[in-house]
Amino acid sequence: MSVTLSAVSVRVPAKVNIQLEVGALRPDGFHELRTVFHAVDLCDTVIAARSDALELSLTGPESAGLPAGEGNLAWRAACALAEHAGIAARANLSVHKAIPVAAGLAGGSADAAGALLACDLLWGLRTGTEELARLGAGLGSDVSFALLGGTAEGTGRGERLAEITDAGGFHWVLALAEGQLSTPDVYAELDRHRAGAHCAARKCAEPAGALTFGPHNAETAQVMAAALRSEDPRRLAPLLSNDLQSAALALAPYLEFTLRTGQELGALAGLVSGSGPTCAFLARDRADAEQLADRLPATGTCRSAYAVIGGAPGAEIIGETVVP
Ligand code: C5P
Numbered sequence: 089m090s091v092t093l094s095a096v097s098v099r100v101p102a103k104v105n106i107q108l109e110v111g112a113l114r115p116d117g118f119h120e121l122r123t124v125f126h127a128v129d130l131c132d133t134v135i136a137a138r139s140d141a142l143e144l145s146l147t148g149p150e151s152a153g154l155p156a157g158e159g160n161l162a163w164r165a166a167c168a169l170a171e172h173a174g175i176a177a178r179a180n181l182s183v184h185k186a187i188p189v190a191a192g193l194a195g196g197s198a199d200a201a202g203a204l205l206a207c208d209l210l211w212g213l214r215t216g217t218e219e220l221a222r223l224g225a226g227l228g229s230d231v232s233f234a235l236l237g238g239t240a241e242g243t244g245r246g247e248r249l250a251e252i253t254d255a256g257g258f259h260w261v262l263a264l265a266e267g268q269l270s271t272p273d274v275y276a277e278l279d280r281h282r283a284g285a286h287c288a289a290r291k292c293a294e295p296a297g298a299l300t301f302g303p304h305n306a307e308t309a310q311v312m313a314a315a316l317r318s319e320d321p322r323r324l325a326p327l328l329s330n331d332l333q334s335a336a337l338a339l340a341p342y343l344e345f346t347l348r349t350g351q352e353l354g355a356l357a358g359l360v361s362g363s364g365p366t367c368a369f370l371a372r373d374r375a376d377a378e379q380l381a382d383r384l385p386a387t388g389t390c391r392s393a394y395a396v397i398g399g400a401p402g403a404e405i406i407g408e409t410v411v412p
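Residues in the sequence shown are numbered consecutively from 89, following the numbering used here.
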């Protein structure tokens, strides 16, 4: 028996990139990536309810100043899905934001993924997972991963995913920064660094050609996969890396202080998450993560800090209301 739903709630996680290698700038303006995405249980909730028009409202600690219309990725996701299905985009979307945007945590992509899944069920479309991921990739490089969750290798511009099995339960602390960093600005800064380094090495005799990835091979991937399967964060700690980190630090030098302070307070390792400015610290266990999250904000090196667990599920339905 088919039921008509009046509302669908979806929970969707933030991500950190525990390895991020940035390759060449492509003609479409994106960079070729090889990354390991890791979902963490700092989550937004997207509710889609029946309505005669498309509407969007935002609540929650990270909702201030965000666009409640076309400028919002959740809105664009609902439009993209409706267009794909050949129907009018009619839904009342409410997004509860705990994940900051422009923070390196895929906060906007999470809401797009949440809206895709919630509207798909609300409208009874039954679009397959792969098709939703394809639509998501058209909205942002991280949307496909927000749908999948867990841990996965991302290639292409980050939208081609291969799941990695992990033991689950690594404990992290996310240190949220006062400001924001624009993702395109951070990539552009990395390109400038690289062009400068290339010029210095070649005395500018030739333009910077296609950049290739650093040393990464099947063995590197296996070492990472084995560390993720182990329950030992000490095996994971030395493997964390982010090619965007130096560019993020050049644009937001105060993050050096955040990274140093996290390690001084006992983190096993720390890195800038994605394009920043959030810093992610790997802790030994839950108690250490909670203690670090308590102590970090008092040092003045971040505005708030959360203890989170890695390997969180991707966008998932947490509630459905049936029309009586
Ligand atoms: O896809 P997303 O909206 O996250 O991309 C935002 C911007 O980040 C892009 O317009 C591009 O400037 C940069 N980017 C990139 N290479 C990627 C992903 C993002 O250069 N693989």
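Where a beta carbon is used, it is the ideal one built from N, C-alpha and C, also for glycine. Fair warning: this is a prediction, and the values are worked out from it, not measured in the lab.
Q. Identify the residues that DSSP records as bridge partners of K103: which are they?
A. A127
Q: Look up I405 in the DSSP assignment and give the residues it is bridged to.
A: V98
(Q) Below 6 Å, is the gap between the Cβ of P115 and the nearest heavy atom of ligand 1? (A) no
Q. CB of R245 to nearest heavy atom of ligand 1: below 6 Å?
A. yes
Q | Element boundaries [alpha helix (DSSP H), containing W163] | A | L161 to A173
(Q) Quick check on D132: does DSSP put it in helix, strand or coil? (A) For D132, the three-state secondary structure derived from DSSP is strand.
(Q) Going by the DSSP bridge assignment, what does G238 pair with across the sheet? (A) None; G238 has no bridge partner.
Q | Cβ-heavy atom distance, P365 to ligand 1, below 6 Å | A | P365 Cβ: outside cutoff for every heavy atom of ligand 1.
Q: Using the DSSP secondary-structure output, state which residues sit across from V360 in a beta bridge.
A: Per DSSP, the beta bridge partners of V360 are C367.
Q: Taking E352 as the reference, give the member of T389, L332 and A340 with the closest Cα.
A: T389
Q) In terms of residues, what are the limits of the beta strand (DSSP E) holding V261? A) Unbroken beta strand (DSSP E) run through V261: H259 to L264.
Q: Could you please give me the residues that DSSP links to S329 through a beta bridge?
A: As a beta-bridge residue in DSSP terms, S329 pairs with Q107.
Q.
What residue range does the beta strand (DSSP E) around S182 cover?
A. If you look at S182, you'll find it in the beta strand (DSSP E) that goes A179 to H184.
**Q.** Beta-carbon gap between V231 and A255 smaller than 7 Å
**A.** no
Q) For L223, is the beta carbon positioned less than 6 Å from some heavy atom of ligand 1? A) no
Q: Would you identify the three-state DSSP class for V410, choosing helix, strand or coil?
A: strand
**Q.** Per-residue DSSP class, three states only, for R372
**A.** Note: R372 maps to coil in three-state DSSP.
Q: Excluding the 5 residues preceding and the 5 following G435 in the sequence, name in chain order all residues of the same chain whose CB lies nearer than 6 Å to its CB.
A: Limits of the chain in this structure are 89 at one end and 412 at the other, which puts residue 435 out of reach.
Q | Residue(s) in a DSSP beta bridge with T243 | A | DSSP, once it has assigned bridges, lists R122 and R248 as partnering T243.
Q. To which residues does DSSP link A395 through a beta bridge?
A. V261
Q. Alpha carbon to alpha carbon, what distance is there between H119 and G297?
A. Note that G297 scores a pLDDT of 46, beneath 50, so its modelled location is shaky; the value from the coordinates is reported in the next line. Roughly 14 Å between the two C-alpha positions.
(Q) Excluding the 5 residues flanking M312 on each side, which residues of the same chain have their C-beta closer than 7 Å to its C-beta? (A) Result list for M312: Q107, V124 and L327, in chain order.
Q: For chain C, find out if any of its Cβ atoms is closer than 7 Å to the Cβ of R317; answer yes or no.
A: The chain labelled as chain C is not found in the depicted structure, where only one protein chain is given.
Q: Name the residue from A265, R280, E251 and L339 whose alpha carbon lies nearest to the alpha carbon of A112.
A: R280
Q) Per DSSP, what kind of secondary structure is A296 in: helix, strand or coil? A) With a pLDDT of only 47 at A296, under the threshold of 50, the placement of this residue in the model should not be trusted; the figure read from the coordinates follows. Correct three-state label for A296: coil.
Q | Local conformation of S145 per DSSP, three classes | A | DSSP places S145 in strand when its eight states are reduced to three.
Q. When the Cβ atoms of the region 205 to 222 are set against those of the region 173 to 181, are three or more pairs found closer than 8 Å?
A. With the cut-off at 8 Å, the region 205 to 222 and the region 173 to 181 touch.
(Q) Checking 7 Å against the spacing of the C-beta atoms, do T239 and G399 come in under that value? (A) yes
Q: Identify which residue in D373, A165 and V98 has its Cα closest to the Cα of D132.
A: Ranking the options by Cα distance to D132, first place goes to V98.
(Q) Using 8 Å as the cut-off, can you tell me whether the region 391 to 406 makes contact with the region 126 to 145, which would need three or more C-beta pairs spanning the two stretches below that distance? (A) yes
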